[in-house]
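Numbering (our numbering), first residue to last: 158 to 1102. Glycine included, C-beta positions come from ideal geometry on N, C-alpha and C. For reference, the structure is listed below as structure tokens.
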Amino acid sequence: MSLATTSAAMVGRDAELALLHDALSRARAGEPASVLVGGEAGIGKSRLSGEFRRRIADETTVLTGWCLDYGSTPAPFGPLPAILRGLLDALGDRADEAAGPGRDALQLLLPERAAGPVDRSAIRPEGLRETIANLLEAAAAERPVVVVIEDLHWADAATLSMLSFLLRALAGRSVLFLMTCRIDEVRRGGAVRTFLAEAERARLLDRITLNRLDEIAVRDLVQGLRGSVDDAALTRLMERSEGVPFFVEELLCNVRGPMPDTLRDVLLARFDALGDDAKRVVRLASGSDGAIAHELLATLAGFDGERLDEALREAMGTGVLAVRDDESYGFRHALLREAVHDDLLPGERSRLHWAYAEALEAAGGSASALAFHWHRAHDAPRALGAAVAAMQQAKASYAFSTAARFGELALELWDQVPDAAPVAGIDRIALLAQLGSILRNGGDGERALAVVSLALDEIPPDGEPAVLARLLRDKALYLQNLGRPGSVELLVEALQALDGSDDDHLRATLLGYLAGRYLTGARFAETIETADEAYRIAERVGLSAAMSVAANLRASARIHLGDVEAGMDDFRLSWQHADSHDAQLRYRVNYADALNILGRFREAVEVAEAGVAHSRSLGVERATGSILSHNMVEPLLELGEIDRAEETMAKDLTIRTLRIFRVYTTMSRIRALVWRGRIAEAAELLRDWRGTVEAAAEVERQVWYSLREIEVLLALGAGDPVRAGETLTAALADAGPRLALRCRLLLEGARVVADLRADGEAGRAAETAQSVRAAWAELPSELQKESWGAVLFAVLDADADVLRAVIPVADQDDVPASLRPLVRLERARALVAAGDRVAAAELAAEAARLADRLDHDRLRRRTAEFVGAAGLARDQGAARGSDSAGIELTAREQQVLDLIADGLSNRQIGERLFISGKTASVHVSAILRKLGVATRTEAAVAARR
158 MSLATTSAAM VGRDAELALL HDALSRARAG EPASVLVGGE AGIGKSRLSG EFRRRIADET
218 TVLTGWCLDY GSTPAPFGPL PAILRGLLDA LGDRADEAAG PGRDALQLLL PERAAGPVDR
278 SAIRPEGLRE TIANLLEAAA AERPVVVVIE DLHWADAATL SMLSFLLRAL AGRSVLFLMT
338 CRIDEVRRGG AVRTFLAEAE RARLLDRITL NRLDEIAVRD LVQGLRGSVD DAALTRLMER
398 SEGVPFFVEE LLCNVRGPMP DTLRDVLLAR FDALGDDAKR VVRLASGSDG AIAHELLATL
458 AGFDGERLDE ALREAMGTGV LAVRDDESYG FRHALLREAV HDDLLPGERS RLHWAYAEAL
518 EAAGGSASAL AFHWHRAHDA PRALGAAVAA MQQAKASYAF STAARFGELA LELWDQVPDA
578 APVAGIDRIA LLAQLGSILR NGGDGERALA VVSLALDEIP PDGEPAVLAR LLRDKALYLQ
638 NLGRPGSVEL LVEALQALDG SDDDHLRATL LGYLAGRYLT GARFAETIET ADEAYRIAER
698 VGLSAAMSVA ANLRASARIH LGDVEAGMDD FRLSWQHADS HDAQLRYRVN YADALNILGR
758 FREAVEVAEA GVAHSRSLGV ERATGSILSH NMVEPLLELG EIDRAEETMA KDLTIRTLRI
818 FRVYTTMSRI RALVWRGRIA EAAELLRDWR GTVEAAAEVE RQVWYSLREI EVLLALGAGD
878 PVRAGETLTA ALADAGPRLA LRCRLLLEGA RVVADLRADG EAGRAAETAQ SVRAAWAELP
938 SELQKESWGA VLFAVLDADA DVLRAVIPVA DQDDVPASLR PLVRLERARA LVAAGDRVAA
998 AELAAEAARL ADRLDHDRLR RRTAEFVGAA GLARDQGAAR GSDSAGIELT AREQQVLDLI
1058 ADGLSNRQIG ERLFISGKTA SVHVSAILRK LGVATRTEAA VAARR
């Protein structure tokens, strides 16, 4: 029987193939549309992706990479070199320009681009990610790009981190990521499982699960492979294969011989039929995690020329091996490799990996491959040295999580090697310190904490004070990253360890860290005192950057204390001494935050934008620059620029490996969701994060304030001002440290009181207003911003004349934009109470227009409720009804009008009708024009009429 390894036509996957084409269409339209094809081994994931690639090859740029199996220590960025080479070929002469300022980072993965040895220290960690994103964007501008990642279950942590970044970076571009993964082999708690969970939760990745074939599909598959088959044989084949396509093929290929009882027997059936030379070649190939080069295979086999060619031809003819590219071979299916390798005797496996390691060592192979093979060969000394080298190489490539795996392998081997330190080229304490730092940068804060604690336990009593101080500093930072207490005590202990030491550089750095922890803990007097000392030491030894950081921290503390003028002087001093990129970026981060707190929203955005431009010039716009991009979100929300704020959040593409930073971004995301009226989604997000947020709030007071504000906003958005008032009153009565952020919380009190009055809760409204007045009076005078106070007290008093006077004040850029429709709405309420319905109607219409312009869901609804309850649109609507009786709306416009009447925003209308928010906005404008109305509220009245 001639062997057909694959059916000519794919069967049973039409629906899944259609889903992939739909995903490509969405990607073309600028929507996030990446897909994970999941299923058990042999189910046909690669077959489906291959068929899809074949069908779209003429209309897209298809780039394919494979994740490789290195066991517990995968090589970093496994699939990326193949993808990058294809990408550079597709771009041609435009590649270098498209890559941007970080183009040299490509040398980390493509050494052929370097004229000589790569200076890894000169390449910034964020540059590689930024450059790859730039290249993909450039290619996608010409034609859609499909990036295929095969065998994601073997992905190394560096690849996963890169994919997480790219999925976000390229959302909205014409780029479709298609990944295949054996879901049943993804271990719980592992890096791949975490990546998938986060990507799917963030709606960056859709999953297509391939199920087993039914009997009809199996029949079609068999007919494609062999032609007709009798029903009895088909039934038995279905029972044995259980609908797994690969098993069907394997069982069908052995139909004339005795059928194996287990999958391993099936997988080894072809292998057993090979000749001796072919078996040797296949056994040798099984030692490689991926494709094996012809030259290496020839070296291991011990024979070359026609003999090797015949052995390879036999192995490929029986479907065991296949040509991967022009000069390498691989197994037709990973299960075949695993079966052959596992069938080796223990001694055979050890000798095989020994041979691999020696051959690779002689050829100058990678440290990661050598670590893998020496470890499997049970040569602990050589494995240790290679593991440490692999760790350091991965760290230099900024593949921190992958570096951590090699570091942990080195720790595992340490006790097996006599005199391990000379072999490893590093002592154990230094290894632990490096590994802790790597784990922290790789996002594994818990493990980093465990490793640095181990190092501290092992450090000898007579050890170097500087080593002890640095380990204590590292532990303090890891606790900080986890949002846990204890950092201050550790930093104090680190400083004590330096008593008697003349290492002022380290001392100034430690004092800077300690001042930062005092600041986040709202211990402002201690912040200033410690920052002063850090500044003096840094000034004495000439450390300008440390002086800048100290002045920066001191400035923030003084502003929170209400000493605004002195704080701004310190910020100017900080900038004068910011002689490094790091100090300049840190200045912009903290200065932008301070400007936002003080209500200088437009300036805050400008400072953050300058920081983003700075980061762009360094080639790290989507990395370091993403922090500054996030600093733009809150002032943009205060300015009412919700679309731009959400666009900025969408571009905030750095993977948030530090838990405390995830807290900040989550709080901003919840605010935006509440603004849009997506209350259920916002509440669910807060429920998911509450435990983490509350733990962080125990350490960082600013998180406590952020949580209280979010709770107030959620209650208002849900239409529960009573709960909002109780939350606000409890927050104002809290005895904990007070930050300048208290001012912003008080402004939310205006909305709380207004909603309580509107709902007939006059007593609660008065009590809440009194609490807000008292809290405002307690603020330091420099934090009692005149414009904020004027608007706040006007709303609290609800006096029509006072409200009229503050409308121009509320319209200024230094007052949160959400107060603009509020003061008009509250004046309209006061005018109705006074009997001036005409003026009230005009103001309500103006409030509705502003709420629409801001796309603020709750203010829009509140205004519509008032207009409806007061009957302000009745007469005007009746008059317009006669004028518009002959107006005809399109079917789509009528659908949009019905949804306007239901109170939906443009975005919600777009989601309901499967159109973009911008398209919905165009329809709304056309409807308002045709109906001759000015606001959505009036359009809703017309729709109901």
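- For the set 954, 174, 945, the Cα lying nearest the Cα of residue 914 is the one of 954.
- Secondary structure note for residue 337: its beta strand (DSSP E) is the uninterrupted segment 332 to 339.
- Of the candidates 665, 1058, 982, the residue whose Cα lies closest to the Cα of residue 961 is 982.
- When 365, 270, 210, 250 are compared, the shortest CA-CA separation from residue 238 is found for 270.
- With contacts defined as CB atoms closer than 8 Å, residue 900 and residue 864 fail to qualify as a contacting pair.
- Contact check for residue 933 and residue 941: beta-carbon distance about 7 Å, within the 8 Å limit, so the pair qualifies.
- In this chain, residue 959 is not harboured by any beta strand (DSSP E); it is covered by the alpha helix (DSSP H) spanning 957 to 967.
- Excluding residues up to 5 positions away in sequence, 679, 858 lie with their Cβ nearer than 6 Å to the Cβ of residue 894 in the same chain.
- In this structure, the CA atom of residue 692 is about 10 Å from the CA atom of residue 710.
- In the three-state DSSP reduction, residue 737 falls in the coil class, being neither helix nor strand.
- Residue 803 sits close to residue 829, with the two beta carbons spaced by under 8 Å.
- Looking only at 958, 505, 441, the smallest Cα-Cα distance to residue 486 is reached by 441.
- Taking the CA atoms as reference points, residue 323 sits about 43 Å from residue 682.
- Contact between residue 341 and residue 224 fails: their C-beta atoms lie close to 16 Å from each other, not under 8 Å.
- Secondary structure of residue 486 (DSSP, three-state): strand.
- Using a 10 angstroms sphere on the CB of residue 459, the tally of other CB atoms stays under 16, which defines it as exposed.
- About 4 Å separates the CB atoms of residue 756 and residue 971; that is less than 8 Å, so the two are in contact.
- Every unbroken stretch of the beta strand (DSSP E) spanning 3 or more residues and falling wholly within the region 428 to 498 is given here in chain order: 478 to 482, 485 to 488.
- In the DSSP assignment, residue 194 falls within the beta strand (DSSP E) that extends over 191 to 196.
- When C-alpha distances from residue 402 are compared across 1094, 951, 612, 201, the shortest belongs to 201.
- 978 is the residue among 978, 1067, 991 whose C-alpha sits nearest the C-alpha of residue 1007.
- In this chain, the beta strand (DSSP E) harbouring residue 363 covers 362 to 366.
- Distance from the CA of residue 329 to the CA of residue 714, rounded to the nearest whole angstrom, comes to 40 Å.
- Of the other Cβ atoms in all chains shown, fewer than 16 fall within 10 Å of the Cβ of residue 573; this residue is therefore exposed.
- The count of Cβ pairs closer than 8 Å, one atom from the region 608 to 627 and one from the region 576 to 591, reaches three, so the stretches are in contact.
- By a beta-carbon distance limit of 8 Å, residue 593 does not contact residue 639. Their separation comes to about 13 Å.
- With a beta-carbon spacing of about 5 Å, residue 331 and residue 185 fall inside the 8 Å limit used to define contacts.
- Residue pairing of residue 218 in beta bridges, as defined by DSSP: 302.
- When DSSP reads this structure, residue 518 sits in no beta bridge, so it has no partner.
- Each residue's CA atom was taken as its position, placing residue 792 and residue 1083 some 32 Å apart.
- For secondary structure counted as the beta strand (DSSP E) over 3 or more consecutive residues, the region 784 to 851 holds no complete run.
- Each residue's CA atom was taken as its position, placing residue 623 and residue 660 some 8 Å apart.
- In the three-state reduction of the DSSP assignment, residue 868 falls in the helix class.
- Taken through DSSP and simplified to helix, strand or coil, residue 399 comes out as coil.
- Cβ atoms of residue 751 and residue 716 come within 8 Å of each other, at about 5 Å.
- Take residue 626, set aside five residues on each side of it, and the residues of its chain with a beta-carbon closer than 7 Å to its own are 651, 654, 655, 663, 667, in chain order.
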